[in-house]
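Working notes, beginning with the structure itself.
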Amino acid sequence: MRQVAVIGVGLTKVGHLFSESLRSLFSRAVRGALEDAGSPKIEALYVGNMSAGQFNNQENIAALLSDFAGLNGIPATRIEEGCGSGAAAIYNGYKAVASGVHDFVIVGGVEKMMDTTANDATSIISTVTDQEYEAFLGLSLVGINAMVM
Numbered sequence: 660m661r662q663v664a665v666i667g668v669g670l671t672k673v674g675h676l677f678s679e680s681l682r683s684l685f686s687r688a689v690r691g692a693l694e695d696a697g698s699p700k701i702e703a704l705y706v707g708n709m710s711a712g713q714f715n716n717q718e719n720i721a722a723l724l725s726d727f728a729g730l731n732g733i734p735a736t737r738i739e740e741g742c743g744s745g746a747a748a749i750y751n752g753y754k755a756v757a758s759g760v761h762d763f764v765i766v767g768g769v770e771k772m773m774d775t776t777a778n779d780a781t782s783i784i785s786t787v788t789d790q791e792y793e794a795f796l797g798l799s800l801v802g803i804n805a806m807v808m
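In structure tokens, the structure reads:
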């Protein structure tokens with residue numbers, strides 16, 4: 660396995676950004692990371708995202724975000740692992756570079772959860788619980804986290 664390094668970072672502010680879309684938030688972060696890294700030739704994109712389908716009514720977001728960010732002609736993969744989606748995307752990007760499959764990848768995470776009500780957001784986030792055992796018994800994600808603590 661090869662050594663792996665983070666050579667550029669980009670981010671957008673967290674908050675009530677109603678005037679910005681999921682793709683514009685992600686694209687700004689990508690542009691910042693590319694500028695910070697000296698604009699290497701990116702070979703793959705790994706996007707951590709839990710619930711764009713429910714929060715934003717948008718699936719296939721890896722391809723959409725890649726295209727909007729100008730990263731055309733590369734593999735683009737969405738990683739969904741509930742609340743750990745961003746970490747799982749980092750892991751997959753790391754493996755791709757460490758194994759020698761790619762030299763330069765973009766890894767990012769994006770969620771746009773504020774464009775809905777608190778009740779709807781809680782309901783969507785709670786879909787990461789086991790619906791047959793936990794949710795069925797009335798457990799929420801907050802309750803499960805409290806039990807873990």
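Each residue of the sequence shown is one higher than the one before, starting from 660 at the first, in the numbering used here. Glycine included, every Cβ here is placed at the ideal spot set by N, Cα and C. The model shown is predicted, which means the values in this text are computed figures rather than measured ones.
CA-to-CA distance, residue j to residue i, given in whole angstroms
i	j	result
E770	T786	15 Å
L798	Q662	42 Å
N716	E679	15 Å
A735	A703	6 Å
R737	I720	7 Å
A746	G707	7 Å
G669	R690	7 Å
F677	L684	11 Å
S686	A728	5 Å
F795	S710	20 Å
G768	C742	11 Å
I784	Y705	21 Å
H675	T775	11 Å
P699	N751	19 Å
E718	G712	5 Å
E694	Y753	20 Å
A664	M808	33 Å
Which residues DSSP lists as bridging residue i, in chain order
i	result
I765	L704
CB of residue i within 8 Å of CB of residue j, strictly
i	j	result
A688	I666	no
F714	M806	no
S725	I733	yes
I701	L723	no
V766	A748	yes
A755	M660	no
I803	T788	yes
Exposure of residue i, with buried meaning 16 or more beta-carbon neighbours within 10 Å
i	result
A692	buried
Y792	exposed
V673	exposed
V801	exposed
(message) Please give the ranges of any beta strand (DSSP E) in the segment 686-751, keeping only runs that are unbroken, at least 3 residues long and fully inside the region.
(response) 703-707 and 735-738
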